[in-house]
Amino acid sequence: MWLTSALAVFSVLSPTLAASFNPSTYTWYTTPAADFASTLPIGNGRLAAAIWGGALVDNITLNENSIWSGPFQDRVNPQVYDGFTESRAMLEAGNLSAANDVVLQEMVSIPSSPREYSPLALLRLDFGHDASAVRNYTRFLDLNTGVAGVRYQVGDVVYSREYVASHPDGVLAVRLQASKDGALNVITSLERSSYVESLTAGSSKGTGTLTLKANSGQSTDPIRFTAQVRVLSRGGRITTNGTAVVVTGASIVDIFFDTQTSYRYPDETQRDAIVTKQLDAAVKSTYPAVKQAGTSDYQSLSGRVKLNLGSSGSAGSQPTDIRLKNYKADPNKDPELVTLMFNFGRHSLIASSRAGSSSGLPANLQGIWNQDYSPAWGGKYTIDVNLEMNYWHAQVTNLADTFEPVIDLMDRVLPHGQDVAKKMYHCNTGHILHHNTDLWGDVAPVDNGTRWTMWPMGSAWMSMNLMEQYRFTQDKTLLQKRIWPLLKSAADFYYCYLFDFEGYYTSGPSISPENAFIIPRDMTITGKTTGIDLAPTMDNLLLHEIFASVIETCKVLGITGADLTNAQKYISKIRPPNIGSSGQILEWRREYQETEPGHRHMSPILGLYPGSQMTPLVNQTLASAAKALLDHRISSGSGSTGWSRAWTMSLYARLFDGNSVWKHAQYFLQKYPTDNLWNTDSGPGSPFQIDGNFGFAAGIAEMLLQSHAVVHLLPALPGAVPDGRVSGLVARGNFVVDMEWSGGKLQSAKVESRSGGVLALRVQDGKPFTVNGEKYTEPIQTVAGKSYTIRLN
1 MWLTSALAVF SVLSPTLAAS FNPSTYTWYT TPAADFASTL PIGNGRLAAA
51 IWGGALVDNI TLNENSIWSG PFQDRVNPQV YDGFTESRAM LEAGNLSAAN
101 DVVLQEMVSI PSSPREYSPL ALLRLDFGHD ASAVRNYTRF LDLNTGVAGV
151 RYQVGDVVYS REYVASHPDG VLAVRLQASK DGALNVITSL ERSSYVESLT
201 AGSSKGTGTL TLKANSGQST DPIRFTAQVR VLSRGGRITT NGTAVVVTGA
251 SIVDIFFDTQ TSYRYPDETQ RDAIVTKQLD AAVKSTYPAV KQAGTSDYQS
301 LSGRVKLNLG SSGSAGSQPT DIRLKNYKAD PNKDPELVTL MFNFGRHSLI
351 ASSRAGSSSG LPANLQGIWN QDYSPAWGGK YTIDVNLEMN YWHAQVTNLA
401 DTFEPVIDLM DRVLPHGQDV AKKMYHCNTG HILHHNTDLW GDVAPVDNGT
451 RWTMWPMGSA WMSMNLMEQY RFTQDKTLLQ KRIWPLLKSA ADFYYCYLFD
501 FEGYYTSGPS ISPENAFIIP RDMTITGKTT GIDLAPTMDN LLLHEIFASV
551 IETCKVLGIT GADLTNAQKY ISKIRPPNIG SSGQILEWRR EYQETEPGHR
601 HMSPILGLYP GSQMTPLVNQ TLASAAKALL DHRISSGSGS TGWSRAWTMS
651 LYARLFDGNS VWKHAQYFLQ KYPTDNLWNT DSGPGSPFQI DGNFGFAAGI
701 AEMLLQSHAV VHLLPALPGA VPDGRVSGLV ARGNFVVDME WSGGKLQSAK
751 VESRSGGVLA LRVQDGKPFT VNGEKYTEPI QTVAGKSYTI RLN
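For the sequence shown, full-length UniProt numbering begins at 1 and goes up steadily by one.
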């Protein structure tokens with residue numbers, strides 16, 4: 001019976017039908033992965049697999065989100081407070097050169113970097129095929145279900161593999177099948193190159209077991225973990241050779257994997273017991289049930305949004321790596337590649353960030369996929385744009401559920417941030433976060449460089465993300481119990497840290513990430529460069545955002561007293577953005593000469609996106625000045641990294657320039673993705689960074705729906721996408737939006753109010769419209785659970 005069922009599956013999903021894969025929801029290839037950047041990434045938020053899919057030997061790179069390079073470190077420099085007060089005084093006096101030197105000598109942490117994200121192991125499946133006999137090879141990733149697969153033929157036998165990362169069961173599961181009874185042979189092993197304590201293989205009662213114990217390599221209190229593989233077969237024989245499980249003559253082989261670490265379970269006996277319990281349950285449940293639970297859970301998130309930006313026709317029927325190559329020559333033939341990248345961004349967040357006590361860590365710089373013990377930039381949580389960008393699309397693309405791990409991490413940051421605020425700045429209230437953190441919530445300054453190290457605004461920027469979670473979900477309980485304590489503490493620090501300079505509450509020493517300027521003649525060593533100054537524009541924008549968030553929260557929760565009055569007092573004395581000689585937003589307090597006119601960071605126009613102070617519907621003067629800076633940056637070579645180019649998409653969307661959004665989306669797809677669609681720093685061959693994937697999805701969403709001022713439908717529709725539809729996007733206020741447009745104009749939209757509240761609307765460039773057949777003239781008081789239909793007059 002089982003063989004008949006398996007044959008039916010093969011006939012429906014045979015390799016010859018690979019070209020029928022939906023070009024908007026499948027990545028697929030006709031060769032195995034040539035490198036890590038070609039693998040198929042899946043995950044359940046805690047566990048991840050990057051699947052190489054070799055026909056002879058399949059390597060599966062395994063990760064777990066709490067396996068990092070070691071224990072917590074107290075890295076605060078004992079001279080730091082003296083360095084802080086001395087450098088601030090020098091900046092006040094206009095001595096930038098000396099202030100720069102003091103910061104880098106006395107405020108840099110010891111050691112200079114926190115912990116790094118580390119790989120878990122390699123799961124190796126050796127099939128022993130004759131390489132010359134393999135044909136009709138296909139591998140794929142289904143972005144609808146989160147399932148990856150491999151299919152190929154050897155002789156008259158079709159071999160199939162499925163890979164599932166189940167969040168409900170907390171395991172990774174693999175099914176291997178052969179269309180001919182007894183034709184499946186596989187040797188399964190676990191491999192790790194460093195810090196292995198033990199590796200054992202055994203078999204009992206028809207089940208093979210591999211158990212790996214390893215650690216992060218420190219002599220004192222390393223992160224330890226226990227990983228285990230269970231191997232079961234239908235038909236055939238299971239034996240071991242000491243380090244591997246050997247299956248011969250099978251028709252189906254099921255593999256289940258789990259690991260637990262001392263980060264969550266310090267006691268070895270307890271974490272071993274958790275591994276055993278979860279794998280016992282998965283084995284008892286069986287692979288089909290684990291797959292069903294995993295895919296149902298995944299689809300409950302992935303299926304919330306459907307996007308159609310046009311059909312690619314034959315251009316979309318090619319394997320993904322070929323589509324990427326063809327796109328470089330003519331992007332206009334394949335609009336569905338944009339949709340595919342949007343869907344891949346949502347998949348990647350679902351796979352790398354899930355709520356629940358078993359997760360508790362957000363997507364890092366590489367999401368959750370990493371094969372290196374010292375990855376680029378440590379694979380850390382970088383706070384001067386990258387972690388924030390990871391979640392820009394979470395709420396608007398209906399994935400607010402994935403945001404809880406960010407709050408979990410900020411809870412870990414809080415006590416360390418309070419400690420460092422006292423040691424570094426003698427602030428006995430509130431917490432600080434500089435530009436990086438790790439799984440422990442390390443908040444001390446990172447690295448040693450004038451352009452990035454001394455930036456005390458991390459907690460302010462992360463507060464923006466926290467507040468957006470409330471604005472989209474309208475969850476007052478979450479706001480009161482989890483977001484408000486973090487928001488209040490961050491604000492309390494700035495009440496202590498800021499000082500009165502030139503009539504404004506002022507930050508510094510600080511930087512505008514990660515830029516520098518040439519020191520002018522009257523500020524000491526002329527011609528030298530520095531990034532360190534007082535009151536960079538970005539700092540002021542972030543301070544405005546955090547105090548505005550405090551005021552908003554106080555209003556929502558009915559909080560009065562010092563929390564409210566302090567925020568009102570401080571926001572009134574934050575330095576407003578200045579406009580320079582070319583009509584551009586100034587990056588610093590003076591119009592210094594730039595060292596990089598095309599710098600990749602868009603820090604001084606954060607108020608355009610993700611903030612809203614510089615948007616056209618809020619302040620047209622600042623919007624025009626923000627556009628002047630943005631255009632200048634782009635014409636000078638900005639957008640030079642994948643994440644920077646993705647940020648550019650959302651900035652132009654906020655300026656209602658849909659054609660520029662589309663142009664930069666096409667440029668992104670032509671330059672940055674690897675074969676498996678991962679974003680890179682500067683193109684294939686450079687380091688992988690997940691932030692650009694997430695920022696790309698955010699940019700497409702922002703092109704279609706904005707809600708920072710009003711619920712704005714199709715604010716930046718490109719001319720290249722005259723017809724399309726989207727369903728399931730979410731606006732602030734907890735409104736779910738479906739839209740269809742044709743000929744460049746909205747045909748109809750449905751807005752579902754999930755929380756009640758007032759709905760203020762705008763359509764495209766201000767076109768008149770009706771709501772439920774009545775002419776719209778003013779905001780509507782909605783009823784929770786009710787939908788509202790919008791059409792143009």
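Glycine included, C-beta positions come from ideal geometry on N, C-alpha and C.
Asked	Found
Apart from the five residues on each side of it in sequence, which residues of its chain come closer than 7 Å, Cβ to Cβ, to Gly235?	Asp181, Gly182, Gly249, Ala250 and Ser251
How close, in whole Å, do the beta carbons of Val186 and Leu172 come, if the pair is a contact with beta carbons under 8 Å?	Wrong, their Cβ atoms sit about 16 Å apart, outside the cutoff.
Are the CB atoms of Leu534 and Leu210 within a distance shorter than 7 Å?	no
Within its chain, find whatever has a CB closer than 6 Å to the CB of Ile780; leave out the 5 residues flanking it on each side and keep chain order.	Leu759
Could you name the residues of the same chain whose beta carbon sits closer than 7 Å to that of Asn77, not counting the 5 residues immediately before and after it, in chain order?	Glu106, Met107, Val108, Ser109 and Ile110
Could you give the distance in angstroms between the alpha-carbon of Ala214 and the alpha-carbon of Ser198?	7 Å
Starting from Asn185, follow the beta strand (DSSP E) in both directions and report where the run begins and ends.	Leu184 to Glu191
For my contact list, Thr530 and Asn100 are in at a C-beta cut-off of 8 Å; report their separation, rounded to the angstrom.	4 Å
Given a cut-off of 7 Å on the beta-carbon distance, is the pair Gln689 and Asn676 in contact?	no
Extract the residue ranges of the beta strand (DSSP E) inside the region 702-775, only unbroken runs of 3 or more that lie entirely within it.	711-713, 724-731, 735-742, 745-753, 757-759, 761-763 and 769-771
Could you tell me which of Gly658, Ala355 and Gln228 sits nearest to Thr200, measuring between CA atoms?	Gln228
Using only the alpha-carbon positions, how far apart do Ser24 and Leu337 sit?	7 Å
With H, G and I counted as helix, E and B as strand and the rest as coil, what does DSSP make of Trp68?	strand
Does DSSP put Gln93 in a helix, in a strand, or in coil?	According to the sequence shown, residue 93 is Ala rather than Gln. If DSSP states are grouped into helix, strand and coil, Ala93 belongs with coil.
By the 10 Å Cβ neighbour count, where 16 or more other Cβ atoms means buried, how is Ser636 classified, buried or exposed?	exposed
What does the alpha-carbon distance come out to for the pair Val231 and Gly128?	18 Å
Since Ile790 is in the alpha helix (DSSP H), which residue starts that stretch and which ends it?	Not the alpha helix (DSSP H): Ile790 falls in the beta strand (DSSP E), residues Ser787 to Leu792.
Out of curiosity, what's the CA-to-CA distance linking Pro687 and Gly155?	39 Å
Return the first residue and the last residue of the beta strand (DSSP E) that Gln153 is part of.	Ala148 to Val154
Using only alpha-carbon positions, find the residue among Tyr592, Val103, Ser66 and Gly146 that is nearest to Lys115.	Before going further, note that residue 115 is Arg rather than Lys in the sequence given. Minimum Cα distance to Arg115 is reached at Ser66.
Assign Glu594 to one of three DSSP states: helix, strand, or coil.	strand
Tell me the rounded alpha-carbon separation between Ala178 and Ala131.	17 Å
Indicate the three-state DSSP secondary structure (helix, strand or coil) for Ile605 in the structure shown.	helix
Measuring alpha carbon to alpha carbon, tell me which of Ser512, Pro577 and Tyr570 ends up nearest His599.	Ser512
Determine the direct distance from the alpha carbon of Ile525 to that of Gly367, and round the result to whole angstroms.	42 Å
Taking only three categories from DSSP, how would you classify Ile574?	strand
In its own chain, which residues sit with a C-beta less than 8 Å from the C-beta of Thr27, not counting the 5 before and 5 after it?	Leu40, Phe140, Leu141, Leu143, Thr320, Leu340, Phe344, Asn676 and Leu677
Note down the Cα distance separating Ser755 from Leu655, rounded to an integer number of angstroms.	29 Å
Return helix, strand or coil for Pro15, following the three-state DSSP convention.	Note that Pro15 scores 44 on pLDDT, short of 50, meaning its location in the model is unreliable and no value can be drawn from it.
Assuming the contact rule is C-beta atoms closer than 8 Å, Ser194 and Tyr29 should be a hit. Round their C-beta distance to whole Å, please.	30 Å between Cβ atoms; not a contact.
Whole angstroms is fine: what's the gap from Gln474's alpha carbon to Glu388's?	20 Å
List the endpoints of the continuous alpha helix (DSSP H) containing Gly658.	Gly658 to Lys671
So for Asp272, helix, strand or coil by DSSP?	helix
Taking the beta carbon of Thr16 as the centre, do at least 16 other beta carbons fall within 10 Å, making it buried, or is it exposed?	In this prediction, Thr16 scores a pLDDT of 49, lower than 50, which makes its location untrustworthy; the coordinate-derived value is nonetheless stated afterwards. Flag for Thr16 reads exposed.
Considering only residues of the same chain and omitting the five flanking positions on each side of Asp254, which have a CB-CB separation below 6 Å?	Arg175, Leu232 and Tyr287
According to DSSP, is Ile350 helix, strand or coil?	helix
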